[in-house]
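Step one of this worksheet: look at the structure below.
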Amino acid sequence: MSAPTTNQKLLDWVAEIEKMCTPDQVVWCDGSTEEYDRLMDLMVSTGMAIKLNEEKRPNSYAFNSDPSDVARVEGRTYIASVKEEDAGPTNNWIDPVELKKTMTELYSGCMKGRTMYVIPFSMGPIGSDIAKNAIEITDSPYVVVNMHIMARVSTEVLRLIEKNDDFIPCLHSVGSPLEEGQEDSRWPCAPIEKKYIAHFPEENLIWSYGSGYGGNALLGKKCLALRIASAMAGREGWMAEHMLILRFTSPEGKQYHIAAAFPSACGKTNLAMLQSTVPGWKVETIGDDIAWMKPGEDGRLYAINPEAGFFGVAPGTAEYSNPMALASCASDAIFTNVVVTEDKDVWWEDMGYDCPNGGGTDWKNNPWKQGDVDADGNKIKGAHPNSRFTARADHCPVICPDWENPAGVPIDIFVFGGKRTSVMPLVHEAFDFEQGVYMGATASSEPTAAALDLGNVSLRFDPFAMTPFIGYHAGDYMQHWFDMGEKLGDKAPKCFYVNWFQKDESGFVWPGFGDNSRVLKWMCDRVEGKVDAVETPIGLMPKKEDFCFEGLDLSDEAWEKLMTVDNAEFLKTVENAKEYLAKFGDKLPAKISEQLEKLEARLNA
Ligand code: SAT
Ligand code: MN
Numbered sequence: 052m053s054a055p056t057t058n059q060k061l062l063d064w065v066a067e068i069e070k071m072c073t074p075d076q077v078v079w080c081d082g083s084t085e086e087y088d089r090l091m092d093l094m095v096s097t098g099m100a101i102k103l104n105e106e107k108r109p110n111s112y113a114f115n116s117d118p119s120d121v122a123r124v125e126g127r128t129y130i131a132s133v134k135e136e137d138a139g140p141t142n143n144w145i146d147p148v149e150l151k152k153t154m155t156e157l158y159s160g161c162m163k164g165r166t167m168y169v170i171p172f173s174m175g176p177i178g179s180d181i182a183k184n185a186i187e188i189t190d191s192p193y194v195v196v197n198m199h200i201m202a203r204v205s206t207e208v209l210r211l212i213e214k215n216d217d218f219i220p221c222l223h224s225v226g227s228p229l230e231e232g233q234e235d236s237r238w239p240c241a242p243i244e245k246k247y248i249a250h251f252p253e254e255n256l257i258w259s260y261g262s263g264y265g266g267n268a269l270l271g272k273k274c275l276a277l278r279i280a281s282a283m284a285g286r287e288g289w290m291a292e293h294m295l296i297l298r299f300t301s302p303e304g305k306q307y308h309i310a311a312a313f314p315s316a317c318g319k320t321n322l323a324m325l326q327s328t329v330p331g332w333k334v335e336t337i338g339d340d341i342a343w344m345k346p347g348e349d350g351r352l353y354a355i356n357p358e359a360g361f362f363g364v365a366p367g368t369a370e371y372s373n374p375m376a377l378a379s380c381a382s383d384a385i386f387t388n389v390v391v392t393e394d395k396d397v398w399w400e401d402m403g404y405d406c407p408n409g410g411g412t413d414w415k416n417n418p419w420k421q422g423d424v425d426a427d428g429n430k431i432k433g434a435h436p437n438s439r440f441t442a443r444a445d446h447c448p449v450i451c452p453d454w455e456n457p458a459g460v461p462i463d464i465f466v467f468g469g470k471r472t473s474v475m476p477l478v479h480e481a482f483d484f485e486q487g488v489y490m491g492a493t494a495s496s497e498p499t500a501a502a503l504d505l506g507n508v509s510l511r512f513d514p515f516a517m518t519p520f521i522g523y524h525a526g527d528y529m530q531h532w533f534d535m536g537e538k539l540g541d542k543a544p545k546c547f548y549v550n551w552f553q554k555d556e557s558g559f560v561w562p563g564f565g566d567n568s569r570v571l572k573w574m575c576d577r578v579e580g581k582v583d584a585v586e587t588p589i590g591l592m593p594k595k596e597d598f599c600f601e602g603l604d605l606s607d608e609a610w611e612k613l614m615t616v617d618n619a620e621f622l623k624t625v626e627n628a629k630e631y632l633a634k635f636g637d638k639l640p641a642k643i644s645e646q647l648e649k650l651e652a653r654l655n656a
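Numbering (our numbering), first residue to last: 52 to 656.
Written out as structure tokens, the structure is:
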């Protein structure tokens, strides 16, 4: 196949990789429907993909991974900066020269018996000046079809590369060469000790080996759009964040744009697609995972979603929790590691109804009955807890008309949060942007969701929900947040911290889901200067009369609990934060220490 480009840099790189990996053939991808269908047909014919019931789930497919290849592998993920200190304490580091040597040996001949696909893609609307052009080389057709949904795969990107002579090279192999006549496995991959998810931030280069799973293999997502992009953003004065983006519109038509960061399992995708319960207010989704943000000419911060689809966790996605996510994957979707039912539809735990006919084929590709128990009497799950749907963003019924606006949307509000069963109130607002940075930097969750006796809670800190995704030193990254605040000045977004997860004897105190819109509404009223707030040692909190309770049945006692700040208990959280932040040593921004001291002083006053 002749190459559809004359760009020498790109041709040289592809030739170099072909020489190293020795695939049987090279295919340049164009992102067309024809290409998508052809690869799906190919994977159905080899048994890798299952075509789902055309009536129930049109144009959709299910895959089962190897049972060892079901999630990101943080222990095998590396930031190979030239200097170790530039990777910082939150990343694994290997000297880039050494790592390239190790990986070159692994890559040598690794595509034997396979096709090498060259995928031109853009993260962000093609041609947007916040977007980036990139090329992923992969030997996995599963990666190609998922990239079709998650990124903008197009020959248009090749034209831009011709023009700008610039692209981010991303190399991926499943790491499973085939000998002459050897039959392929359903999901080829390499054993854990041979997996490497490597980033070379000074070169804007990604090398991934041995895994076919989403975050390890769809290199536009966490590898490019967060790890490499955060390092670029730090150097260039913009932001690449693990944040959802939504538009919240008032009954008068006033639009507010909110970007929010939460650690995993805090309902980020749910919030991105929330069904507002505040009368007259509506939410539209711009993105559910990643935000790229740049100051605009008017001095405000503009955000785009660099992705084109949702790679969402399936279990727990139900009509009651996230009807819009369900609707997004009603057709043209890819499912990985879910149950395939007898009539070839999909099912997962907490989907809101029992598995039709009582069972099907589980994520390990075995016959499975709902309610089956293992030798220890534990229920056997049909879907893997990290099973995923890949859905097109434009299939989301509440996708924002501006979700592909190349200029982005102006962010009014930053939200941080975590999962705490006590101590942390429903919502508090930072006194200023610098305190907001402190809130983001000390975002934390309880490791397990249970227990009311919180004697010895050890918190898991996850600054800005970015711990596994910061492509450089996390201390420098926090400083970058302060620098952005300075640059934006009084146009910086207002910062809030939320906790939907307080519990009492009878369960969650706050109803969550759609009712979280009530909290967003209060934030918008604060931005508008419509309401004032109660000043507490930790920040500004809503006055009861300013909060929208219309249609909500919440007892006074529950409200009290949601809004209580127990200074002594909160000080323990501050203590934990101090311990955690100590590991950043002299890279910890002085402004973080300053915020810590001020907060302690207010709590002790
Ligand atoms: O596993 S992915 O990185 O693809 C998605 C996630 O972790 O949120
Ligand atoms: Mn994520």
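Don't be surprised by glycine CBs; every beta carbon is placed ideally from N, CA and C.
query: Between GLY410 and the rest of its own chain, which residues show a CB-CB distance below 6 Å, the 5 nearest in sequence each way excluded?; result: TRP419, LYS420 and GLN421
query: Could you check the C-alpha separation between ARG298 and MET52 for me, to the nearest Å?; result: 45 Å
query: Using only the alpha-carbon positions, how far apart do TRP573 and SER382 sit?; result: 36 Å
query: Rounded to the nearest angstrom, what separates VAL329 and CYS599 at their Cα positions?; result: 7 Å
query: Would you check whether the ligand MN has a heavy atom nearer than 7 Å to the C-beta of ASP340?; result: yes
query: Would you say GLY522 and ILE279 are within 8 Å of each other, going by their C-beta atoms?; result: yes
query: Could you check which residue in SER327, TRP561 and LEU269 has the C-alpha nearest to that of MET174?; result: LEU269
query: List in chain order: all unbroken beta strand (DSSP E) runs of 3+ residues lying wholly within the segment 325-353.; result: 333-338 and 342-346
query: Out of ASP637, GLU254 and PHE362, which has the shortest C-alpha to C-alpha gap to GLY338?; result: PHE362
query: With distances taken Cα to Cα, identify the nearest neighbour of CYS80 among ASP527, THR472 and VAL194.; result: VAL194
query: With DSSP run on the structure shown, which of helix, strand or coil describes GLU253?; result: helix
query: If you draw a straight line from the C-alpha of GLY164 to the C-alpha of CYS72, how long is it?; result: 10 Å
query: Label GLY428 either buried or exposed according to how many other C-beta atoms from any shown protein chain fall within 10 Å of its C-beta, with 16 as the threshold for buried.; result: exposed
query: Considering just the uninterrupted stretch of the beta strand (DSSP E) at SER96, what are its terminal residues?; result: No beta strand (DSSP E) holds SER96; the alpha helix (DSSP H) holding it covers 84-97.
query: Mark PRO302 as exposed unless 16 or more other C-beta atoms lie within 10 angstroms of its C-beta, in which case mark it buried.; result: exposed
query: Report the partner residues of LEU297 according to the DSSP bridge assignment.; result: ILE309 and THR336
query: Go to PHE172, then tell me how far its alpha helix (DSSP H) extends in each direction, as first and last residue.; result: No alpha helix (DSSP H) contains PHE172, which is instead part of the beta strand (DSSP E) from 166-174.
query: Taking 8 Å as the cut-off, does the segment 520-535 touch the segment 639-646 (at least 3 CB pairs, one atom from each stretch)?; result: yes
query: Is it the case that the segment 569-589 contacts the segment 450-459, given that we only count it when at least three CB pairs across the two stretches are under 8 Å?; result: no
query: For ALA316 and GLY469, I'd like the C-alpha separation in whole angstroms.; result: 9 Å
query: Can you tell me which residues form a DSSP beta bridge with TRP419?; result: GLY411
query: Quick check on the DSSP output: the beta strand (DSSP E) that includes HIS479 runs from which residue to which?; result: 478-480
query: Check whether the Cβ of ARG123 sits closer than 7 Å to any heavy atom of the ligand SAT, and report yes or no.; result: yes
query: Any contact between the segment 238-248 and the segment 122-132? By contact I mean 3 or more CB pairs, one from each, below 8 Å.; result: yes
query: According to DSSP, is TRP610 part of a helix, a strand, or is it coil?; result: helix
query: Can you check which of these residues, GLU106, PHE114, LYS542 and LEU62, is closest to LYS345 by C-alpha distance?; result: LYS542
query: In the DSSP assignment, find the unbroken beta strand (DSSP E) run with ASN569 in it and report its ends.; result: Reading off the sequence, residue 569 comes out as Arg, not Asn. Where ARG569 is concerned, there is no enclosing beta strand (DSSP E), although the alpha helix (DSSP H) it sits in stretches over 567-578.
query: Helix, strand or coil: how does DSSP classify GLY636 here?; result: helix
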